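Peer 1: Chains as they are written, first to last, in the UniProt record's numbering: chain G, 1 to 386; chain F, 1 to 386.
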């Protein structure tokens, strides 16, 4: 029986020391304890060996990763979905890498990997990947392919995805598309959905997607001095059917106007999307037709959802929650299908992404970069590019 | 060609005058305009010809009909389901007969009717029949058969239904059974449901039915000086698993106790039944497990249903309405099946009905009788027997 000769060990060590010349120095923004991001985030620097790659693994390089409010809640420890803290990056203390969305490029694939080749674009299959880092080694199954711009053009598409579109595809566009399509059958050319937060990122995606699906939209936005301008922009640039203020939303008199609009299309308001709560959610629910559904995906007012008893009993209105993370966790097929649809619209130039405030990482200290971006979050959604 | 001789008319008239000797003088409690029952209800007296019965019709005699809060709301015009106002009882002005629940006995059946025979018991197939009357003529399809006591005993059952059980079977017992069984699969011996209004009529039916199904119940009842006594009664007489006060329901500390009880059974609180609203509904919803459902069937506090956003998004709790009228309107098969189950439990002596305050009609003025009972409603559910 053949046995591995003992001298293979020193030789292997020798080979390894040669291989270590092919190392990538990576940085990740990590936390081991929960707290305010400014206090608990730090940079962990580690080496990735480009050789000796597991057969099913890939090495990826980050192209961009955004900062979402839920990323911060994870760091604070107040979010129900949490990345696992591990010592996999060679630390003594278990730590987690921040960030959930991101766009990556394949640098190298293991010998068994067929779904990727070098240069492909990819996004994480699931949340909690830890996208605030320069590079990663992972199992190929942890990433889903996204056509890169060259591939889109080679496929005859009008245009390729931008880095921002790729890096922010997994949360807001999927949330909007799935809320509009996964629960209620809205009849094209007739039916309506109503949403508050109509000028938010998800709100604008929902408006555009409803237009692409032929569904009428009624968007409620906060009262503001330049209401007419914002409303006009939502109609012209995003295809909103009607835009009203929260004051109009809350007005029983104004309801007659809404009913008139709906009657003209011969449809019904069958779906409500609520990201505000409080009296805004009540007024959204009141506008639903018989058997209507309101999906709550946010609570910007910090007020609970408030539903008159009679809407439940006599109009059979149902109030449910929507969390894209939970819905897609065990349904990768749905995630792929939904993402394909969004990509297609982006490639056809039919969908506008939400602009991010982009900052290019300069190779210095990664955590410092993210922390600065976090403190600038009020200026808009922050995207770190690499 | 044969033509009807002209002399048939006088003969027919003569026959009719003989038949009119077989007339029933009926009374009904009617309203033509909406308003307070004391103001708008009146007695309409009319004749029912026992002969010349349509082939598909039946003549029925009322055994009992209760006064439900929704009956009064119908009269007031504030209830979404309304009886049609007609001139069918021979009035010039269209009017409606009050009442929705009732127990009837078949007096006579038309020549085509096979589903009933004289002496059978029956309840209305649908709501809005108008049950506050001494007799009625209707299509046989407007009534569903209920085994009368002789039939139950002849079928070898332990006992027959009482008049109160028959007259009040269509709303509360069906509501309780359907809320427990029609939406969520509760695992016998493990799972729980929680309800507020645990000492109400529906609450007691839900408690008993859950016990018969092997489901654990957690009943919330109002704080009261004799809480221990009421709780003990609900456990001993109705089979409640646990009974807590609204104060305990609202206490975050007490939640640990509830979690302990649920853990001991290895199940989950998968269903909540809410007939109160306001903060009681919030506390009920908070006790639901992941993917839990809260059904609202009443709003005794006159407060809306209030749901924390996080319950919707992160626990995927859904809040829906329940209205037995709407559910069963187009599903007579479900109504029959559900009623059969309730009847079976009554016949086996396994289900207690909710006692009514029974008053026997003395043959005088029917509207006066119902109005007096309505004014006594605070003393308990009123049932007029005949």
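All C-beta atoms in this analysis are idealised placements derived from N, C-alpha and C, irrespective of residue type, glycine included. Just so we're clear, the structure is a prediction, and the values are computed from it rather than from any experiment.
1. Express the C-alpha separation of residue 26 of chain F and residue 7 of chain F in angstroms, rounding to a whole number.
2. Can you have a look at residue 154 of chain F and say buried or exposed, based on whether 16 or more other CB atoms are within 10 angstroms of its CB?
3. Should residue 100 of chain G go down as buried or exposed, given a rule of 16 or more other Cβ atoms within 10 Å for buried?
4. DSSP three-state label for residue 361 of chain G, please.
5. Can you tell which of G:238, G:46 and G:111 has its C-alpha closest to the C-alpha of residue 453 of chain G?
6. Could you list the residues in the region 286-297 of chain G with a C-beta less than 8 angstroms from some C-beta on chain B, going in chain order?
7. How close, in whole Å, do the beta carbons of residue 270 of chain F and residue 184 of chain F come, if the pair is a contact with beta carbons under 8 angstroms?
8. Whole angstroms are fine: how far does the CA of residue 274 of chain G sit from the CA of residue 200 of chain G?
9. Output needed in chain order: residues of the region 309-322 of chain G with a Cβ under 9 angstroms from some Cβ in chain F.
10. Between residue 69 of chain G and chain F, is there a C-beta pair that is closer than 8 angstroms?
11. How about residue 415 of chain F: is its C-beta nearer than 8 angstroms to some C-beta of chain G?
12. Does the beta carbon of residue 326 of chain F sit closer than 8 angstroms to a beta carbon anywhere in chain G?
13. Report back the beta-carbon spacing between residue 96 of chain G and residue 30 of chain G to the nearest angstrom; my notes put them in contact at under 8 angstroms.
14. If contact is defined by three or more beta carbon pairs under 8 angstroms, each pair taking one atom from either stretch, is the region 238-251 of chain G in contact with the region 203-219 of chain G?
15. Would a C-beta distance cut-off of 8 angstroms place residue 278 of chain G and residue 301 of chain G closer than the cut-off?
16. Are residue 267 of chain F and residue 187 of chain F closer than 8 angstroms when you measure CB to CB?
17. Counting C-beta neighbours from all protein chains within 10 Å, is the total for residue 231 of chain G 16 or more, i.e. buried, or is it exposed?
18. So, is residue 69 of chain G buried or exposed, given that buried needs 16 or more other C-beta atoms within 10 angstroms?
19. Let me check you understand the geometry: is the CB of residue 52 of chain F closer than 7 angstroms to at least one non-hydrogen atom of the ligand SAH?
20. Report buried or exposed for residue 252 of chain F, applying the criterion of at least 16 other Cβ atoms within 10 angstroms of its Cβ.
21. Quick one: grab the DSSP three-state call for residue 44 of chain F.
22. From the beta carbon of residue 83 of chain F, is the nearest beta carbon of chain G less than 8 angstroms away?
23. Does residue 277 of chain F have its Cβ less than 8 angstroms from a Cβ in chain G?
24. Return the residues of the region 138-151 of chain G that lie within a Cβ-Cβ distance of less than 7 angstroms from chain F, sorted by chain order.
25. Less than 8 angstroms between the beta carbons of residue 65 of chain F and residue 167 of chain F, yes or no?
26. Which residues share a DSSP beta bridge with residue 121 of chain F?
27. State the CB to CB distance for the pair residue 322 of chain F and residue 295 of chain F, rounded to an integer number of angstroms; the pair is presumed to be in contact (CB under 8 angstroms).
28. Counting only the same chain and skipping the five closest in sequence on each side, list residues whose C-beta sits under 7 angstroms from that of residue 40 of chain F.
29. Listing by chain order, which chain F residues have their CB less than 7 angstroms from the CB of residue 80 of chain G?
30. Could you please give me the residues that DSSP links to residue 306 of chain G through a beta bridge?
31. Applying the criterion that 16 or more other CB atoms from any shown protein chain within 10 Å of the CB defines a buried residue, is residue 246 of chain G buried or exposed?
32. For residue 182 of chain F, count the other beta carbons within 10 Å of its own beta carbon; 16 or more makes it buried, fewer makes it exposed. Which is it?
33. Of all Cβ atoms in chain G, is any one closer than 8 angstroms to the Cβ of residue 77 of chain F?
34. If you reduce the DSSP assignment to three classes, tell me which class residue 132 of chain F lands in.
35. Taking the straight line between their C-alpha atoms, what separation do you get for residue 327 of chain F and residue 124 of chain F?
36. Rounded to whole angstroms, what is the Cα-Cα separation between residue 293 of chain F and residue 330 of chain F?
Peer 2: In this structure, then:
1. Residue placement at residue 7 of chain F cannot be trusted, given a pLDDT of 39 that sits under 50; what the coordinates show is reported in the next sentence. So the two alpha carbons sit approximately 33 angstroms from each other.
2. Exposed.
3. Residue 100 of chain G is buried by the Cβ-count criterion.
4. coil
5. This structure cannot settle anything about residue 453 of chain G, because the visible part of chain G is limited to 1 through 386.
6. Reference to chain B is not applicable here, since the protein chains of this structure are G and F.
7. 5 angstroms
8. 11 angstroms
9. The region 309-322 of chain G vs chain F, Cβ under 9 angstroms: 309, 310, 311, 312, 313, 314, 315, 316, 317, 318, 319, 320, 321 and 322.
10. no
11. For chain F, the structure presents residues 1 to 386; residue 415 of chain F sits outside this window and is missing.
12. Yes, because at least one Cβ of chain G sits closer than 8 angstroms to the Cβ of residue 326 of chain F.
13. 7 angstroms
14. yes
15. yes
16. yes
17. buried
18. exposed
19. As far as ligands go, the structure on display features none, and thus does not contain the ligand SAH.
20. With fewer than 16 other Cβ atoms within 10 Å, it is exposed.
21. strand
22. With respect to chain G, the C-beta atom of residue 83 of chain F has no partner C-beta closer than 8 angstroms.
23. yes
24. Residues: none.
25. Annotated as proximal: residue 65 of chain F and residue 167 of chain F, with beta-carbon spacing under 8 angstroms.
26. Beta bridge pairing from DSSP links residue 121 of chain F with F:105 and F:146.
27. With a Cβ gap of about 4 angstroms, residue 322 of chain F and residue 295 of chain F count as contacting.
28. 31, 33, 34 and 75
29. 314
30. Per DSSP, F:306.
31. By the Cβ-count criterion, residue 246 of chain G is buried, with 16 or more other Cβ atoms from all chains shown falling within 10 Å of its own Cβ.
32. exposed
33. no
34. coil
35. 16 angstroms
36. 23 angstroms
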